[in-house]
Structures are given as structure tokens and as C-alpha cells.
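Quick notes on the structure that follows.
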Amino acid sequence: MSSPGGPAAGAPAPSARAPAPGGRAASAPLLGHDEEPTLFELSVPGRRSASFRTTGVPEWSAEELVPAEELRPEPPALAEVSERDLVAHLTRLSHRQYSVDLGAYPLGSCTMKYNPKLCDEAAALPGFTNVHPATPASHAQGWLALLWSLADALCRVTGMDAATLQPPAGAAGELTGLLIMRAWHRSQGRSPGKILIPDSAHGTNPASVSLAGYETVSVPSDERGLVSPEAVRRHLSPDVAGIMLTNPNTLGLFEEHIAEVAGLVHDAGGLLYYDGANLNAIMGVTKPAAMGFDIVHLNLHKTFAVPHGGGGPGAGPVAVTARLAEFLPGPVVARADDGTFYWDGPARSIGRTHGWHGNALALVRAWAYILSNGSDGLRRVSEVAVLNANWLLARLRGTYTVPFDRRAMHEVVVSTKDAPGAAGALRALDVGKRLLDKGFHAPTIYFPLVVPEALMIEPTETESPQTVAALADALVEIAREGPEVAAGAPHATPVGRADEARAARRLVLTWDAVGPA
Amino acid sequence: MAHFVPHTEEEVARMLADLGLSSTEELFSSVPAALRLAGGLDLPPGLAEADVAAEMARLAGANAGDGLVCFAGGGAYDHDIPAVTRSLAGRSEFVTSYTPYQPEVAQGVLQALFEYQTLVSHLAGLPVANASVYDGATAVVEAVNLAMAATGRRSVWVSEGLNPRWRRVLSTFTAGRAPELVEVPLVGGTTRWGRAGGPGEGGQGVPPAALVVASPNYLGCIDPLGAARAAATEAGALLVVAFDPVSAGLLRTPGQQGADVAVAEGQPFGTPMAFGGPYLGMMAVAQDHVRRVPGRLVGRTVDSAGRAAYVTTLRAREQDIRREKASSNICTNQTLVAITAMVQLAWLGTGGLRELALRCARGTRYLREGILGLPGVEPMAAAPVVREFAVTLPVAPEAVVERMADEGFLAGLPVEAGGRQGLLVAVTEKRTRAEMDAYLVALEKVLS
Ligand SMILES: Cc1ncc(COP(=O)(O)O)c(C=O)c1O
Chain A
817 MSSPGGPAAG
827 APAPSARAPA
837 PGGRAASAPL
847 LGHDEEPTLF
857 ELSVPGRRSA
867 SFRTTGVPEW
877 SAEELVPAEE
887 LRPEPPALAE
897 VSERDLVAHL
907 TRLSHRQYSV
917 DLGAYPLGSC
927 TMKYNPKLCD
937 EAAALPGFTN
947 VHPATPASHA
957 QGWLALLWSL
967 ADALCRVTGM
977 DAATLQPPAG
987 AAGELTGLLI
997 MRAWHRSQGR
1007 SPGKILIPDS
1017 AHGTNPASVS
1027 LAGYETVSVP
1037 SDERGLVSPE
1047 AVRRHLSPDV
1057 AGIMLTNPNT
1067 LGLFEEHIAE
1077 VAGLVHDAGG
1087 LLYYDGANLN
1097 AIMGVTKPAA
1107 MGFDIVHLNL
1117 HKTFAVPHGG
1127 GGPGAGPVAV
1137 TARLAEFLPG
1147 PVVARADDGT
1157 FYWDGPARSI
1167 GRTHGWHGNA
1177 LALVRAWAYI
1187 LSNGSDGLRR
1197 VSEVAVLNAN
1207 WLLARLRGTY
1217 TVPFDRRAMH
1227 EVVVSTKDAP
1237 GAAGALRALD
1247 VGKRLLDKGF
1257 HAPTIYFPLV
1267 VPEALMIEPT
1277 ETESPQTVAA
1287 LADALVEIAR
1297 EGPEVAAGAP
1307 HATPVGRADE
1317 ARAARRLVLT
1327 WDAVGPA
Chain B
1149 MAHFVPHTEE
1159 EVARMLADLG
1169 LSSTEELFSS
1179 VPAALRLAGG
1189 LDLPPGLAEA
1199 DVAAEMARLA
1209 GANAGDGLVC
1219 FAGGGAYDHD
1229 IPAVTRSLAG
1239 RSEFVTSYTP
1249 YQPEVAQGVL
1259 QALFEYQTLV
1269 SHLAGLPVAN
1279 ASVYDGATAV
1289 VEAVNLAMAA
1299 TGRRSVWVSE
1309 GLNPRWRRVL
1319 STFTAGRAPE
1329 LVEVPLVGGT
1339 TRWGRAGGPG
1349 EGGQGVPPAA
1359 LVVASPNYLG
1369 CIDPLGAARA
1379 AATEAGALLV
1389 VAFDPVSAGL
1399 LRTPGQQGAD
1409 VAVAEGQPFG
1419 TPMAFGGPYL
1429 GMMAVAQDHV
1439 RRVPGRLVGR
1449 TVDSAGRAAY
1459 VTTLRAREQD
1469 IRREKASSNI
1479 CTNQTLVAIT
1489 AMVQLAWLGT
1499 GGLRELALRC
1509 ARGTRYLREG
1519 ILGLPGVEPM
1529 AAAPVVREFA
1539 VTLPVAPEAV
1549 VERMADEGFL
1559 AGLPVEAGGR
1569 QGLLVAVTEK
1579 RTRAEMDAYL
1589 VALEKVLS
């Protein structure tokens, strides 16, 4: 295997040394090991940061403004800190936080790619941020144009015909899509009660199925890690409303029989739902519509580089084929003949899935990302995401167990169980913790559930080959070091392994619940 | 085109060679040929950064609404945002991290969320708060799901005073489980629990899982929670209160008045109006319901060296573990907006929140008195208001909003209650007396 950074034959060597990985964070400096006090410990009665603008409004008292029985004598206790201490506190907290901006973050299924700064700037433009969501369409044409263009582009990428941008995350998109499925069946005079889901599916899929009033029927993956047409046929019945799949699936494998599965489900009167969490693998290569899907949700916080914000916000638009468009949540943006945009309500809309128009600034970021990449760039994203994952897999094969050793898509699932290159029985949890010491974020562990001791690794296309190689080297080293070393990890982090059992046993969810020292 | 993919052509070629491949097309050998796209994506080619920035500036510039002096509320408020909030909430360590699955490298987000939970608990007057749900509307959905799980009942009484879009989200997102949603009307601006299925008047005979009430409600009125608590107790139901976290600086808390679950839209704390999102669903519950709370909960524990450490806890409630038995499907939430609110609340401080609430109430009083002085304008409700109020106008509210926009104001939101149309007007600490006086002049012109 080639060394990632070595100069190519014939090219002038910029330096005698191989280039360093850009995504390794082990050099992050730390100052000491003390606990960070909470805001409430920093608080001093009477200390203030806030100031308010001069308005000239008459200064009526609280008693003059609020009926006595509703007025609370004292405001709720917050914290009383100086702006300087607040800044220092949050800055120190930020130094106790791993992030994509710091280093590689190979969490499988989460697509922790680099979030372009350009998109941050776009989302901070006052022309977007200062607009109240109830502003008449006449005064929000820029917003409506953006929403219309984004919905149009998402339809082009997925092959769908119409979209709602309201759902604020993937799970909300799932529930939205399932409710559209339900409304469509009702319009056909049917009310089937079951949804098929492969056993490798993400937890939000069955949870959304239950919330949509359906029963989950779990379809086992076959020995190749795929959903076989036979298994689907066995579980199909007139009571099946549809199937929910992600493709590539959570094992990082393309569901090769998807067209046949789609035919079976459609013939049985069902619809196909596409969990778009893994779209990063296939842009410009294939489309959910070509595979036979009817409903798609997209995680803009994965494929379209909306930053994850420590757990959110994201955006989970839902796109559908033409026959389902009338059931979309509304309103949606439509374009008039004169090129202006207006709000329009789908005829048989299921309702609303957000208090306003969705996580709008996340939509701005996604649009800036799509404009930047264009058709060629999005295809390149998927190519290199898949290339990086396969190249990583090639470097791990022989050290970790590869349960389904086939062409990987944008992520790979390996296991520590019976790992050939491990000096002893390693646990996935410990490998993840030890990887933190090596300067990388851990992969996703123990998911998908069908692989014991799973490490689900998604390098994404924005990590250079040097970084992917360094990540692979670190994982190989961890296996060689063996279970004893990994079991004590991490050591280099702001805190050592946290006692999660104690957290659940002695619940301390607020500062008030912390007993006296 | 932008260059977010670092690989040189040579690197790609060498990596392919390592894999025994000669083209990127071969990477997709597991995608059946019949499914492959022939001509690529039907999108324009990628643009350079400066070209994208120009296009985004053009779109932002096409929003004349940016320049309007804002008197609209209805769940989105035009508050001042201090530089410190923008700066800290924009730190890339918070912006570009994921859900804290590895607590040893996520103490920053976890501790910030622990502090956020504490602050929300104080605002709500309830002991437990989660780390956020999507927005105020979905917080109501989650509260209703919690109440149905807690009581095993499938009917919910919802005050007409709850934000109508939130009611729509509630009916949409609960459609699969089909609870009976009984709307309880407002009379004079407060909820008349005795009617529409209320226990006092026969009703539907189906005992409710929850009573859902907003105070201040969608007409801006303080809706007495004592009456709601009494009705909930009589029906054996949970009381779910949607409250305004800014007015919480002046009003008694939902918890003090017997709420089992309190929810709020947290946008007013440091988050711009931004055409409706991302916002913040705040949610707090009584101790009894801690194991039914949706979403992430951060708990404080110790690390291997005995130092304070923070983790997500009671994880067995969540979808990734409970799957189809989970009471909520939420995974990605609104963490960054929660951290923003935490910073803003810390900046405001105890006294600052009081002053903020007071300034909103003062502006509201000033403008309300002015508007009610215009010919043909009547209050929609008599009950006391704090930061928002509704009036009926002699001209259709939609037309007033359009014409006022041409005068430079976002005049408010058209509302409907009890079959009457009106205008809902909000005043924040940001509005000056001069702006309000100008608003009144413009409105008088538009109405005449
Ligand atoms: C495969 C898969 N499906 C669904 C989801 C749910 O998406 P979200 O977290 O945006 O709700 C995720 C991500 O968390 C996922 O990885």
C-alpha cells in the first residue's frame, strides 16, 4: 500500500518529510486538570452583565403592570456573573470539547464532515436573521426563493417531485413521511397497520413507526448483510403499509436487491420510505427514485454539511413522488409565472410539522453548500467518501474482524470480536476510548445492533488521505496494544472515564440537586 | 468550484490503485448498473466561494422584511442579542461537535447543557428539565405523548389559547396515535374549562390524559393556572403549561401553580427570528415524570479520578435503545440553541431577566393604550396582558399587515379567536417610544 503523503514520482518533493495528517488532534494543549466550576459557583449576588437600550418608554412598576396574584415577588434565580467571567467560563468549556474543527470525527452514520465557514457567514447575514417568520411573502422574497430553490435541488438529487422543508431533524422527517404514507393509504380506502424495517435500522426508524401508529415488523439481514427479496416476501401481507430502508444500509453496504424489493412492496400495495441518513454515498451515482422509493427524508446536517451543534439543530426535509405531493405538510413555496414566490397549501396536507417554516438557517447553510459544490462537486463528495471508507477498510482488514467483507460505501463496520490483529479480547467501547488518547474522536460503537462489538467508522470525504491513514494506524496500534491498555483509557482527556452507572443511580440533573460539598 | 474535498488527483489515483481499482466508477460496483445515473445530477456546476457569497447576499438582500420595525410575536420575538451571546454560541467547538456520545471529550457541551437544564428548571419552577426538543410546538407534542404514557389515556383537552400553529403541529404529529383532541374555548381571553367536554358539564365522558394551557396565551392574556390546575385535578389529568420564558421574570412559575409539565419556546434568549428557526423547545417536568422525559438528559457524576464529570443519563428511555417502545423518536435536537439560551440567560442574570420582562410589559402597555385610542379599534380580550396583545380592527388584518409593511412596520400577526379576526401585536425591550409613536401614526393612516 502506498504511503499517503509520499511525493509522487516525478513531482518535486516539497520537503523531505511526509505530510502530517491534518485531522489528528493529539497536540491540543491543556492547562491543568482542575474541574471547571459551574456558572452557579461563579455567581456573586448583585453582579451584572446585562444592559438595555434607551427607549423613552414610561417606567411603570411591576405592580402597576401585573395583577398582584400573578406577580412573583422575586425573579427566578439565574446566575449573576460578569461578562468577563462568562466568556472565560464558556471558552474553557469549549476547550473541553472535541469538534470537527479540531480533528477527525469518524462517527459512523453521523457524517461528521467539515462544515464550510462560508455557510456560517451566509447564515449570519442580517437579511436572513432579522426576518420575522410571519413577514408577508411580498417582503420575504429572498427567503421564499431560497426555500424554493433548495427544495428543487433536493428533488433533483433524490429524483423526487416535491418537498417540505419543515421537519427539523431526521427523526421528525421520518414521522412526517410515515404520516404521509398513512394519509395516502387512507385516500386509497385502506389502513394497513405494519411497517417492515431491517434489523440493522437506526433506532429512530422503529420509534417513528410506533409514533405514526404502526407496528414494526423486523426483517432479518441475510448472511451478506442485506435485505433479501425472500425475507421481504415472507413478511409481506395486505396489512403492510410499506418498508423503511436506508441505502447504503447501516452496515455501509449497498442493498443490491433494492429494485426487486421495491417491486415486491409496490405489488403488495405498500410504499417505500428512504432514510436519507446515508445519502452521502450516492450523490450523482444513483437516486432514491431510481431505486423505487416513494418518500425520502434527508439529514441536511449530514450530507449537506450543516454543522451538528453539539447535537443539533439539523434539518430533515421530506421529498416525495408526484402522487404523494398533495399530502405534504404545508404551506410550501410555489413560484408564480412572473417569477415571484408565494405560500401554497398542498390540497390534502397532513398539517404542519414545525411551528414555522423549519430550521431555516440550517436551510441557508445547505443551500450555500449545494451552490458551492454543484453537480460535479456533489458527485465528487460521494466518490471520495466511498474511496476513503474503502481505503480505510483495506488498512484495518487483518487487524479487526470484517463481518461483511464486501465493497463498502461511505462507511465501514468492523468488529473487535475475534479480531485477528488484537493482542487479547478487545471491547469496542475500549477501542473508542483509547482512540481519544490518540487524538481522534471515537467511531460509533455497538451500532448497528446486528454486529457484536461493532465499530462503525465513517471518515467522510473531507479527511485527507494522510488523516485517514493516521486514523487507521491508530486503530491498528490500539489492537496491538491489547485490552489492558485500552481498558484504562482515556488518559489524555479533560476527565477520565465517567461513571455512567452512578449518574443513573444518583440522578443529579441540575445544580440544585448537587449536595453540599 | 469550492474545494472541500482535499484529495489531489494523484492521491485519488494512488488510493484506487491500492484497492486494485482503476476508476472511481468501480467504487460503485455494488450499485446495479440499471440504477446508475447516466448523466450525473441535473444541477449547475459548483461555484467559487466569492460567487456563492454574492448569491447569498443577493437572496438576503431580497428580503425587504429585514428593514421592517418588528411588532410581530406569536412565538417569534425581536429581542436584542448582545455580542457576547453571538460570540460564545458561535464558537466552533460547540458548533461543529456532535451529540456527546463520548463524555470524556464532550465535557464542554455536557456541562453547558447541565447549566442550561438548571436555568430552565428555575424558569419553569420544576425540578427536571431536558437538554432541548426542536421548538415550542414539538415540545407540546412531547408533553402530550408523555401524558398519554403516564396515564394510559387517549384524550387531551387543549385550550384555544394555545398557539394555533402549535395546535396544528400537535394534531399532525399525534395523528398516528389518534388521541381525541378537545378544544376548550377562550372566553374574554381566558380558558373556560367548564365547557367543551369539561367535567362540569357532562362533556364527552372520556377522561383526559392532559389539559394543555398557555399562559400568557396566544392573545397575550395571562390565563389563570389555578383554574386549569383545579380542572386537571378533577379530571385526574396532567397539567401541561406552555409559558413565556421572558415573562417568567415577572410571573409566578408554572411549577408554583401545579404544572406537571411546562414547555416554552426558547427563541427569545439569544436566537434571531431567522424566518422561524432553528428555535428551541424548552421542557421541564415534575420529579415523578423524570423517566418519561423525551430526549437527552445530562447528569453530573464523577470520573475515574473522582472529579466532577457530566454524561447523558437515563439513556434507556431513548430511541437507540428502546427502539419501537421509545416514547419519543427524537435524536438530533437543538443543543446549540440551548447553549445560546444558557449564555443569554447568564448574561441577563437574575436582575436582568426581571428588567427584560418589565421592559416588554411597559412597551406593551404603552402601545396598547395608543392603539386602543385609534377609532374603530377594540381589545379582543379583557384579561390582563404582559408582552403581547390582540385587537380587532375596522380593516381586515391581512390588509393592514401588507399596508403597514409598505410604511416600514411589521404590524403584527393576523389572529382569530372565537370566530373574530384581529391583530396580535408584540412589543419587546428593543422598541423605542419613537418607533411606537411612528407606528401609531402609520396605523391611523392605514385604518382611515
Ligand atoms: C441511519 C439514521 N437514520 C436516522 C437518523 C436520525 O436522524 P436525526 O438525528 O436527524 O433525527 C440517523 C442519525 O442520527 C441515522 O444515522
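These protein sequences, in sequence, are chains A and B.
Just so we're aligned, residue 817 is where the first sequence starts under the working numbering, counting upward by one.
Just so we're aligned, residue 1149 is where the second sequence starts under the working numbering, counting upward by one.
Just so it is clear, CB atoms sit at the ideal spot from N, CA and C, and this is done for glycine as well.
Inset, instruction - Given a cut-off of 8 Å, decide if threonine 1488 of chain B and glutamate 1423 of chain B are closer than it, judged by their beta-carbon atoms. - result: Sequence check: residue 1423 of chain B is phenylalanine here, not glutamate. The beta carbons of phenylalanine 1423 of chain B and threonine 1488 of chain B sit no closer together than 8 Å.
Legend entry - Local Cβ density within 10 Å of alanine 956 of chain A, reported as buried at 16 or more and exposed below that: buried
Inset, instruction - Note down, in chain order, all residues in the segment 1039–1050 of chain A with a beta-carbon under 9 Å from any beta-carbon belonging to chain B. - result: none
Inset, instruction - Run the proximity test for cysteine 1479 of chain B: is its beta-carbon closer than 7 Å to any non-hydrogen atom belonging to ligand 1? - result: yes
Inset, instruction - Taking C-beta pairs closer than 7 Å, name the residues in chain A that serine 1307 of chain B reaches, listed in chain order. - result: None at all; the shortest Cβ gap to chain A is about 17 Å.
Inset, instruction - Could you name the residues of chain B that lysine 1344 of chain A contacts, counting a contact when the two beta carbons are closer than 7 Å? - result: Only positions 817 to 1333 of chain A appear in the structure, and residue 1344 of chain A is not among them; the question remains open.
Legend entry - Residue of A/Val1122, A/Asp850, A/Pro1236 minimising C-alpha distance to asparagine 1096 of chain A: Measuring C-alpha to C-alpha distances from asparagine 1096 of chain A to each of A/Val1122, A/Asp850, A/Pro1236 identifies A/Val1122 as the nearest.
Legend entry - Complete runs of the beta strand (DSSP E) confined to the segment 1179–1254 of chain A [at least 3 residues]: 1228–1231
Legend entry - Given 8 Å, three or more beta-carbon pairs between the segment 1374–1383 of chain B and the segment 1353–1360 of chain B: yes
Inset, instruction - Tell me proline 1193 of chain B's beta-bridge partners as DSSP assigns them. - result: A/Gly1190
Inset, instruction - Express the C-alpha separation of methionine 1204 of chain B and glutamate 1349 of chain B in angstroms, rounding to a whole number. - result: Its pLDDT being 45, under 50, glutamate 1349 of chain B is placed unreliably by the model, and the measurement read from it follows with that caveat. C-alpha separation (whole angstroms): 57 Å.
Inset, instruction - Please confirm if leucine 1595 of chain B has its CB atom under 8 Å from at least one CB of chain A. - result: Between leucine 1595 of chain B and chain A, the shortest Cβ-Cβ separation is not below 8 Å.
Legend entry - Proximity test, threonine 1066 of chain A beta-carbon vs ligand 1 heavy atom, cut-off 7 Å: Checking every heavy atom of ligand 1 against the Cβ of threonine 1066 of chain A, one is found closer than 7 Å.
Legend entry - Short-range partners of chain B found in the segment 1285–1312 of chain A, where Cβ spacing is below 7 Å: Pro1306, Thr1309, Pro1310, Val1311, Gly1312
Inset, instruction - Return the residue from the list A/Gly1304, A/Leu1287, A/Ala950, A/Pro874 that minimises the CA-CA distance to tyrosine 921 of chain A. - result: A/Leu1287
Legend entry - DSSP bridge partner residues for tyrosine 1225 of chain B (one or two, in chain order): In DSSP, tyrosine 1225 of chain B forms no bridge with anything.
Inset, instruction - Have a look at glycine 975 of chain A and alanine 1075 of chain A and give me their C-alpha separation to the nearest angstrom. - result: 15 Å
Inset, instruction - Confirm the yes/no value for this check: CB of histidine 772 of chain A, any heavy atom of ligand 1, distance under 7 Å. - result: Look at the range of chain A in this structure, 817 to 1333, and you will see that residue 772 of chain A is not part of it.
Inset, instruction - May I ask you to check if the CB of asparagine 1311 of chain B is nearer than 7 Å to at least one heavy atom of ligand 1? - result: no
Inset, instruction - Note down, one range per segment and in chain order, each beta strand (DSSP E) of at least 3 residues found wholly within the segment 1520–1544 of chain B. - result: 1536–1540
Inset, instruction - Please list the partners that tyrosine 1216 of chain A has in chain B, where partner means a Cβ-to-Cβ separation under 9 Å. - result: Simply none; closest approach about 17 Å.
Inset, instruction - Use the C-beta contact count for arginine 1050 of chain A: other C-beta atoms within 10 angstroms, 16 or more gives buried, fewer gives exposed. - result: Result: exposed.
Inset, instruction - Give me whichever residues DSSP pairs with tyrosine 1090 of chain A in a beta bridge. - result: A/Leu1061, A/Val1112
Inset, instruction - Could you tell me which residues DSSP puts in a beta bridge with alanine 1277 of chain B? - result: B/Ala1432
Legend entry - Cutoff 7 Å; reference arginine 1315 of chain B; Cβ partners in own chain excluding five residues on either side: When the five nearest sequence neighbours on each side are left out, the beta carbons in the same chain lying within less than 7 Å of the beta carbon of arginine 1315 of chain B are those of Val1306, in order along the chain.
Inset, instruction - Taking C-beta pairs closer than 9 Å, name the residues in chain A that proline 1402 of chain B reaches, listed in chain order. - result: Neighbours of proline 1402 of chain B on chain A: none; closest Cβ ~11 Å, over 9 Å.
Inset, instruction - Please decide whether glutamine 1250 of chain B counts as near chain A, where near means a Cβ-Cβ distance under 8 Å. - result: yes
Legend entry - Proximity to proline 1393 of chain B [Cα-Cα], best of B/Cys1508, B/Val1335, B/Leu1541, B/Lys1578: B/Cys1508
Inset, instruction - Check whether the segment 1217–1232 of chain A touches the segment 1152–1167 of chain A, taking contact to mean three or more Cβ pairs, one atom from each stretch, closer than 8 Å. - result: no
Inset, instruction - Return yes when the Cβ of leucine 941 of chain A is within less than 8 Å of the Cβ of alanine 1237 of chain B, no when it is not. - result: no
Legend entry - Own chain residues within Cβ distance below 8 Å of glutamine 1255 of chain B, not counting five before or after: In its chain, beyond the 5 residues on either side, Ala1457, Tyr1458 have a beta carbon closer than 8 Å to the beta carbon of glutamine 1255 of chain B.
Legend entry - Closest by C-alpha distance to proline 1036 of chain A, when choosing among A/Cys971, A/Asn1065, A/Val1025, A/Arg1168: A/Asn1065
Legend entry - beta strand (DSSP E) runs contained entirely in the segment 1350–1437 of chain B, provided each spans 3 or more residues: 1358–1363, 1386–1391, 1409–1413, 1429–1433
Inset, instruction - Could you name the residues that DSSP lists as bridge partners for isoleucine 1261 of chain A? - result: A/Leu1271
Inset, instruction - Could you tell me whether any non-hydrogen atom of ligand 1 is closer than 7 Å to the CB of serine 925 of chain A? - result: yes
Legend entry - Any non-hydrogen atom of ligand 1 within 7 Å of alanine 1062 of chain A CB: Just to set this straight, residue 1062 of chain A is threonine in the shown sequence, not alanine. Yes - ligand 1 has a heavy atom lying nearer than 7 Å to the Cβ of threonine 1062 of chain A.
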